[in-house]
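What follows is a single structure, written as structure tokens, with notes after it.
Protein chains: 4
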Amino acid sequence: MGKKTWIIADGYIPTYGTGKEPEFSSHETVCILNTGNQDANVEITLFFTDRDPVGPYKITVDARRTKHIRFNDLYDPEPVPKGVDYASVIHSDVPIVAQHTRLDSRQAENALLSTIAYGE
Amino acid sequence: MGKKTWIIADGYIPTYGTGKEPEFSSHETVCILNTGNQDANVEITLFFTDRDPVGPYKITVDARRTKHIRFNDLYDPEPVPKGVDYASVIHSDVPIVAQHTRLDSRQAENALLSTIAYGE
Amino acid sequence: MGKKTWIIADGYIPTYGTGKEPEFSSHETVCILNTGNQDANVEITLFFTDRDPVGPYKITVDARRTKHIRFNDLYDPEPVPKGVDYASVIHSDVPIVAQHTRLDSRQAENALLSTIAYGE
Amino acid sequence: MGKKTWIIADGYIPTYGTGKEPEFSSHETVCILNTGNQDANVEITLFFTDRDPVGPYKITVDARRTKHIRFNDLYDPEPVPKGVDYASVIHSDVPIVAQHTRLDSRQAENALLSTIAYGE
Chain Z
0 MGKKTWIIAD GYIPTYGTGK EPEFSSHETV CILNTGNQDA NVEITLFFTD RDPVGPYKIT
60 VDARRTKHIR FNDLYDPEPV PKGVDYASVI HSDVPIVAQH TRLDSRQAEN ALLSTIAYGE
Chain R
0 MGKKTWIIAD GYIPTYGTGK EPEFSSHETV CILNTGNQDA NVEITLFFTD RDPVGPYKIT
60 VDARRTKHIR FNDLYDPEPV PKGVDYASVI HSDVPIVAQH TRLDSRQAEN ALLSTIAYGE
Chain C
0 MGKKTWIIAD GYIPTYGTGK EPEFSSHETV CILNTGNQDA NVEITLFFTD RDPVGPYKIT
60 VDARRTKHIR FNDLYDPEPV PKGVDYASVI HSDVPIVAQH TRLDSRQAEN ALLSTIAYGE
Chain H
0 MGKKTWIIAD GYIPTYGTGK EPEFSSHETV CILNTGNQDA NVEITLFFTD RDPVGPYKIT
60 VDARRTKHIR FNDLYDPEPV PKGVDYASVI HSDVPIVAQH TRLDSRQAEN ALLSTIAYGE
């Protein structure tokens, strides 16, 4: 179930956070579900405002598993910069579903946003 | 109206909350609408990061009714674990519409997120 | 542009709010855009958990205009109850676009959610 | 990847904000991603409740780049009014993806919302 390509146009990791880490660190997540019987080889490419795209970041989501990936934890080929606008394309070799969620803890009280990604 | 299968990739019930219960308990909800003239037999299956899927959780949404289901209230075949990443597939024998909402009350002030689920 | 039928599965108007009214009243909104050259005759029907649907609530969205409708302001055929789960079907005689937004001001600090409705 | 027309039905820029500017100014953003090899010529048209549409606001999103556009920063043909309901149509000559995000900082603690726009 799902689609092979997903897009999150609004990427942004706040530069700081407040509260207990890592639970309340400011972070941005793409939640991927692979309902199929075959492992999903996922490649994430990041797009920026003023330089060429970076990637792919390679991730495996096992068959019949979900993986909630913090962009903060992506380090190869390079860490995702904080405080910078970006966007991401998530491509998989088998159908998956992707949802985008951000926790912003720059202030004392957290703010949350979430949306289904754009799939095609 | 709607579709028979819906997917919520970002599932997470915070482990605790603050404020008056149950109104302000941290919770996660799937809101289902059945606009048809036939009752909807709905089965929810949960997917995890590191173990096999669990379910089905069986729910009936009567004809021309809505049901807002807290994942916190699903107990059979087993309670939905808190503080753990999951994802859910909602399957119905008649077309329905599903929307995902989370209230996070771990802090003094609540945070909210919502998105239409992915339907197919 | 758009579709003739839109569905919001998660309807809920908090029973109270804090802060300056009406700006910070807890409220729930459906934002409708009619980009066409013909007025849109819109009918909203509300679905509940334990009783028959109520409606239609009739609204006109003029050609090339947007209308942001608070469910709190719908009174005919009856006021939308507060603190009660509902869902809504928005039907128009010409294509429109509908987005759902809630401001929850039950606490000192507001929480916000928004999602595109389900269209078909 | 994407579509040529996107619609955000819920447009609203709060009239004021609290906290450090511009990071915590109340603002509303459309995040656009152009994954293609050709620059995207984007035109935004604003729709209102009680007057004719305004636009187009012209923006270029370069090939393989993302641009996160604050409506607050649109000045030509006229500034986007604050505290007023509006909606927007985003049209591009090549496929793009658009996501809508609002930061509301009218209170001490921020609130956030986001949703994929409606594309067709």
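Protein chains in written order, with numbering that gives the first Met the number 0: chain Z, 0 to 119; chain R, 0 to 119; chain C, 0 to 119; chain H, 0 to 119. All C-beta atoms in this analysis are idealised placements derived from N, C-alpha and C, irrespective of residue type, glycine included. Only a predicted model underlies this, so the values are computations on that prediction, with no experimental measurement involved.
Ends of the beta strand (DSSP E) at residue i?
i: Z:A8; result: K2 to G10
i: C:Q98; result: Y85 to D103
i: Z:E27; result: H26 to N33
i: Z:A39; result: A39 to F47
i: R:G54; result: V53 to V60
i: R:K81; result: That residue, R:K81, is in no beta strand (DSSP E); it is neither H nor E in DSSP.
i: C:K66; result: R64 to R69
i: C:L73; result: That residue, C:L73, is in no beta strand (DSSP E); it is neither H nor E in DSSP.
i: R:T17; result: Run containing R:T17: none; DSSP gives neither H nor E here.
i: C:A110; result: A110 to I115
If you check the beta carbons only, do residue i and residue j fall under 9 Å apart?
i: Z:D38; j: Z:A62; result: yes
i: Z:K57; j: Z:D75; result: yes
i: C:I12; j: C:P80; result: yes
i: H:T115; j: C:I115; result: Thr is not the amino acid found at residue 115 of chain H; the sequence shown has Ile there. Yes; because the gap between Cβ atoms is below 9 Å, this pair is in contact.
Output the distance between the C-alpha atoms of residue i and residue j, rounded to the nearest integer angstrom.
i: H:S25; j: Z:V53; result: 30 Å
i: H:N33; j: H:H90; result: 13 Å
i: Z:R69; j: Z:P21; result: 11 Å
i: C:S113; j: H:L112; result: 6 Å
i: C:D72; j: C:T100; result: 15 Å
i: H:A97; j: H:T4; result: 9 Å
i: Z:V41; j: Z:T59; result: 6 Å
i: Z:G16; j: R:E27; result: 24 Å
i: R:H67; j: Z:R50; result: 45 Å
i: R:E77; j: H:C30; result: 41 Å
i: R:K19; j: C:A110; result: 16 Å
i: H:T44; j: C:K2; result: 19 Å
i: R:G10; j: Z:L102; result: 14 Å
i: C:V88; j: C:G35; result: 21 Å
i: R:M0; j: H:M0; result: 28 Å
Apart from the five residues on each side of it in sequence, which residues of its chain come closer than 6 Å, Cβ to Cβ, to residue i?
i: R:F120; result: Residue 120 of chain R is absent from the structure shown; chain R starts at 0 and stops at 119.
i: R:Y117; result: I6
i: Z:T14; result: K81 and G82
Closer than 8 Å by C-beta to residue i: which residues in its own chain qualify, once you throw out the five before and the five after it? Chain order, please.
i: Z:A8; result: A86 and Y117
Excluding the 5 residues preceding and the 5 following residue i in the sequence, name in chain order all residues of the same chain whose CB lies nearer than 7 Å to its CB.
i: H:A107; result: T17
i: Z:R64; result: N33
i: H:S104; result: G16, T17, G18, F23, S24 and S25
i: H:E119; result: K2 and T4
Tell me whether residue i, by its Cβ, gets closer than 8 Å to a heavy atom of the ligand ZN.
i: C:D38; result: Absence of the ligand ZN is noted for the structure shown, with no ligands found whatsoever.
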